[in-house]
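Here is the structure we will look at, set down as structure tokens.
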Amino acid sequence: GAGVSQSPSNKVTEKGKDVELRCDPISGHTALYWYRQSLGQGLEFLIYFQGNSAPDKSGLPSDRFSAERTGGSVSTLTIQRTQQEDSAVYLCASSLAWDQPQHFGDGTRLSIL
Amino acid sequence: AQSVTQLGSHVSVSEGALVLLRCNYSSSVPPYLFWYVQYPNQGLQLLLKYTTGATLVKGINGFEAEFKKSETSFHLTKPSAHMSDAAEYFCAVNLPGAGSYQLTFGKGTKLSVIP
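If you read the sequences in order, they're chains A and B.
Mapping the first sequence onto the working numbering, position 6 (from 1) lands on 6, and the numbers just tick up by one.
Just add 1000 to the spot in the second sequence (first one is 1) and you have the working numbering.
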């Protein structure tokens, strides 16, 4: 079956603009996660969804970051008023349940000019 | 809180030589442990995992890892390196129990294979 799909694969935008990143998890996976991968910070957890609820948003770096999940499937990570420090690869992962191995997408490489 | 330390940000081996990538963890309870591999411009692929039971875990592509509680280690090995093994490898940990779904990653080790 299909793996985790993320779009776009690359996004270049100007500082101050809003961006939306999309994640299509593996069908049937109830748990969904967003991570950020940057040179300075490595891989950082951002947010976890169980179904459409986000019981753990502790990794979101500021209130400019938000995420939602609809229909227990697709998730969107939104960054408002982007800053240069937001430049990173944003990875989405999904799993059958919270205690099952996470499967990752190829990521969205975000570059803020 | 848990943490992961990967010794060596860059490891080079000759083709056919032993691969050894080191991972040590810190955790208040016995953790679940994972190794992921990342090829350029791709996401992370699960190589192997340890949850409970046998401490020697075999994964894909000929890799294996051994959980050593006394040493708080989970080193990754492969007897004979192949050119296709060149990639970045991440050790990760999470804690069993309700609410412990975050993966905490090490900084990664980039493996180069010399022909």
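All C-beta atoms, glycine included, are put in the ideal place defined by N, C-alpha and C.
Fair warning: this is a prediction, and the values are worked out from it, not measured in the lab.
Cβ-Cβ distance between LEU39/A and LEU77/A below 7 Å: Their beta carbons are not under 7 Å apart, which means LEU39/A does not touch LEU77/A by this criterion.
Residues in the same chain with beta-carbon distance under 6 Å from ALA1092/B, minus the five sequence neighbours each way, listed in chain order, please. Taken in chain order, the residues that qualify are PHE1034, LEU1103, PHE1105.
Does DSSP classify SER1084/B as helix, strand or coil? Helix at SER1084/B.
Could you tell me which chain A residues have their CB closer than 7 Å to the CB of TYR1089/B, listed as they occur along the chain? Residues of chain A with a Cβ closer than 7 Å to the Cβ of TYR1089/B do not exist, since the nearest Cβ in that chain sits about 12 Å away.
Any Cβ of chain A within less than 7 Å of the Cβ of GLY1053/B? For GLY1053/B, not one C-beta of chain A is nearer than 7 Å to its own C-beta.
Between the segment 57 to 70 of chain A and the segment 1007 to 1018 of chain B, can you find at least three pairs of beta-carbon atoms closer than 8 Å? Not touching, per the Cβ criterion.
Taking just the CA atoms, how far does PRO1030/B sit from GLY1053/B? In this structure, the CA atom of GLY1053/B is about 12 Å from the CA atom of PRO1030/B.
Does the CB of TRP34/A have a neighbour CB from chain B at under 7 Å? No, because no Cβ of chain B sits closer than 7 Å to the Cβ of TRP34/A.
Apart from the five residues just before and just after THR1072/B, which ones in its own chain have a Cβ nearer than 7 Å to its Cβ? ASN1024, TYR1025, SER1026.
Bridge-paired residues (DSSP) for TYR1032/B: Beta-bridge pairing links TYR1032/B to ASN1094/B.
Reference PHE104/A, options GLY42/A, ASP18/A, CYS92/A, SER111/A, closest by Cα: Taking PHE104/A as reference, the option from GLY42/A, ASP18/A, CYS92/A, SER111/A with the minimal CA-CA separation is CYS92/A.
What are the boundary residues of the beta strand (DSSP E) that includes PRO55/A? Segment 53 to 56, the beta strand (DSSP E) holding PRO55/A.
Chain B contact for GLY107/A (CB, 7 Å cutoff): The C-beta of GLY107/A comes closer than 7 Å to at least one C-beta of chain B.
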